[in-house]
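Colleague: These protein sequence lines are chains A and B, in that order.
The opening residue of the first sequence carries number 0 in numbering that gives the first Met the number 0; numbering runs sequentially from there.
The opening residue of the second sequence carries number 0 in numbering that gives the first Met the number 0; numbering runs sequentially from there.
Here you go, one structure.
Protein chains: 2
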Amino acid sequence: MAKKNRPPLAACDCRTIHQDIVAKVEREMPSAETLLSLAEFFRVLGDSTRVGILAALSNSEMCGCDLSVILNMSQSAVSHQLRLLKQARLVRSRRDGKMVYFRLDDEHIHEILKTGTTHIAE
Amino acid sequence: MAKKNRPPLAACDCRTIHQDIVAKVEREMPSAETLLSLAEFFRVLGDSTRVGILAALSNSEMCGCDLSVILNMSQSAVSHQLRLLKQARLVRSRRDGKMVYFRLDDEHIHEILKTGTTHIAE
DNA sequence: TTTATATTTGAACACTTGTTCATGTGTTCA
DNA sequence: TGAACACATGAACAAGTGTTCAAATATAAA
């Protein structure tokens, strides 16, 4: 999450810069805000508990109780992670009586999980 | 990264379990090893400095010095992050004299960045 | 060799994170 | 209502992370 815990400092200590490349890339870089959102999005994916939850949900919608059985975790731990996943718009939920059912937010999540799995399998 | 800093505990404290769903999902879950690799992969993507480096490299191959100018960071900080990115196989490098040029590891990285950007833009 | 420059590395520390425990909220059913 | 259950939340703590500073390594040119 790119910490900012110290006063700013010397930014660069080298001299040979490819000005054409730097200018072109600077022009086409996503905004700082976009980079932060992207990082936040992937940060939420970057935990094996949460990726386990998402892998389970990519198979079938289910309630928190089922998830805590499948992942062999306490209900509280699952719930905390589900809240993060919902806040980050990776997961949606709907209530049906006592139970709350969770599912992936949309197809992008499915796609990213699949591409990631393919990449690490190479 | 799913901490494991305490002795194991009561896993689940609910009773109404959808046994058909649980059985089916348990059968089709990725291995624990795959989940760890996936989480590690996304964890590396989950930092705005690194996502900035990747966004820059998705535009053009370049050296560490160019990166530290574009991202306005110390050369040391960039180097530390590049090492992580290389270890996680998100980035490759080649030396040419004094300089080292970095580029994305393959098309999957490009694709995941693009899908992620689309998702957060919705 | 000596000098200059690009990159790498190690240690330290403030900040962040995930789980646990305890408790609170919302819903159903007797 | 009251009990039972599914889920949510807050505080606390151990473990993990990213940047900095200082120093080392690698290459090229004088």
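Glycine included, C-beta positions come from ideal geometry on N, C-alpha and C.
Leaving out five residues before and five after residue 87(B) in sequence, what residues of the same chain have Cβ atoms less than 6 Å from its Cβ?
Modeller: 43
Colleague: I want to verify the contact list: residues of chain B whose CB lies under 9 Å from the CB of residue 23(A), in sequence order.
Modeller: 58 and 59
Colleague: Taking 7 Å as the CB-CB limit, is residue 55(A) close to chain B?
Modeller: yes
Colleague: Can you tell me whether DSSP reads residue 75(A) as helix, strand or coil?
Modeller: Three-state DSSP puts residue 75(A) in a helix.
Colleague: Shorter than 7 Å from the beta carbon of residue 32(B) to some beta carbon of chain A?
Modeller: At least 7 Å separates the CB of residue 32(B) from every CB of chain A.
Colleague: Residue 92(B) CB to nearest chain A CB: under 7 Å?
Modeller: Not closer than 7 Å to any Cβ of chain A, the Cβ of residue 92(B) fails to qualify, so no.
Colleague: Go ahead and pull the three-state DSSP assignment for residue 122(B).
Modeller: With chain B running from 0 to 121 in the structure shown, residue 122(B) is simply not present.
Colleague: Under 7 Å, Cβ to Cβ, is there at least one residue of chain A near residue 27(B)?
Modeller: yes
Colleague: Out of curiosity, what's the CA-to-CA distance linking residue 104(B) and residue 116(A)?
Modeller: Note on geometry: alpha-carbon atoms of residue 104(B) and residue 116(A) lie some 15 Å from one another.
Colleague: In whole angstroms, what is the alpha-carbon distance linking residue 13(A) and residue 61(B)?
Modeller: Rounded to whole angstroms, residue 13(A) to residue 61(B) spans 14 Å at the Cα level.
Colleague: For residue 79(B), count the other beta carbons within 10 Å of its own beta carbon; 16 or more makes it buried, fewer makes it exposed. Which is it?
Modeller: exposed
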